[in-house]
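Numbering (my numbering), first residue to last: 817 to 1090.
In this text, a Cβ means the ideal position worked out from N, Cα and C, and glycines have one as well.
First comes the structure, then the notes that go with it.
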């Protein structure tokens, strides 16, 4: 049995460390906010799970468990502003990833709940496995004068260095991509440049490959399927490798067709890195 948490289906996934502002107006989600605000402010339970709706499917029209992707992310409530009409303006930030095991539908509470398992242990295992991707460690390898623990340190150092190279590559590709999108949005013909907000965000994630990977996943104009696949990847190295491929694809589309795979807009939502 997993833990039961409130669910908030959206059209796109939420990523850890990314800010998600919401305007709450539906009665069931007003109830959700009242339930969360009734919890101790000093505790850590003021959150709900954000899960993406499969493209073209409405949760109410088919079985909810089939309508939703199985990997989601918690949205931790940071600020709440009640409105005169009874609704709320809420600022949340992406927290922990989870796997959705089952969906509970009921009258009380009126909002969906999900039985979930947390992915922290899976992330640790996949991060360790990802660090050895591309590193050959044949059985019986011995470095003269270097004990086994020393060899482990060498492997770890190589893995860390290659991750930094991969992160730098993704950062450079993303910088070019953002500049190209901005140039296309302004009609083209100018000198592509990164806007000040993106520059600040990139500076904030400098030296943190995981945060960089989530920034790119949330900011790039990707399809829901592409974003969901990035959220489902537990290893930072593999997520960055996938983003490298996606950004190269998107740059090719921008430069040859002058098009992106979703309606052109600045970005889906304001972002920050926790």
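- Between the alpha carbons of residue 978 and residue 1022 lies a distance of about 16 Å.
- Taking every protein chain shown into account, the CB of residue 829 has 16 or more other CB atoms within 10 angstroms, so this residue is buried.
- About 32 Å separates the beta carbon of residue 929 from that of residue 1037, a gap too long to meet the 8 Å contact definition.
- When only Cα atoms are considered, residue 917 and residue 862 end up about 21 Å apart.
- Per DSSP, the unbroken alpha helix (DSSP H) holding residue 1067 starts and ends at 1052–1073.
- Going by beta carbons, residue 989 and residue 1064 fall inside the 8 Å limit.
- When the alpha-carbon of residue 1025 is set against those of 1059, 1040, 847, the nearest one is in 1059.
- Two segments are said to touch when three or more pairs of C-beta atoms, one from each, lie closer than 8 Å; by this definition the stretch 825–841 touches the stretch 900–910.
- Residue 887 is not a Cβ neighbour of residue 1062, given a cutoff of 8 Å.
- An exposed status is given to residue 857, since fewer than 16 other beta-carbon atoms sit within 10 Å of its beta-carbon.
- In this structure, the alpha-carbon of residue 996 lies about 27 Å from that of residue 910.
- Residue environment for residue 1066: buried (at least 16 other C-beta atoms within 10 angstroms of its C-beta).
- Residue 942 and residue 1057 have their C-alpha atoms spaced approximately 14 Å apart.
- Judged by DSSP secondary structure, residue 836 falls within the beta strand (DSSP E) whose first and last residues are 835–840.
- Beta-bridge partners of residue 910 (DSSP): 891.
- Within the DSSP secondary-structure output, residue 856 pairs in no beta bridge.
- Residue 991 holds the alpha-carbon nearest to the alpha-carbon of residue 1011 among 1027, 866, 991, 1028.
- In the structure shown, residue 1022 adopts coil according to DSSP, grouped into three states.
- By alpha-carbon distance to residue 884, the top candidate from 894, 846, 892, 868 is 868.
- Residue 820 counts as exposed, since fewer than 16 other C-beta atoms from the protein chains shown sit within 10 angstroms of its C-beta.
- When DSSP states are grouped into helix, strand and coil, residue 995 belongs to the helix group.
- Ranked by Cα distance from residue 932, the first of 925, 924, 920 is 920.
- Counting only residues of its own chain and dropping the five nearest sequence neighbours on each side, residue 845 has a CB closer than 8 Å to the CB of 824, 927.
- Taking 8 Å as the cut-off, the beta carbon of residue 832 is found closer than this to the beta carbon of residue 889.
- In this structure residue 1043 is not in contact with residue 1051, their Cβ atoms being roughly 17 Å apart against a cut-off of 8 Å.
- The continuous stretches of alpha helix (DSSP H) do not include residue 868, which lies in the beta strand (DSSP E) extending over residues 863–868.
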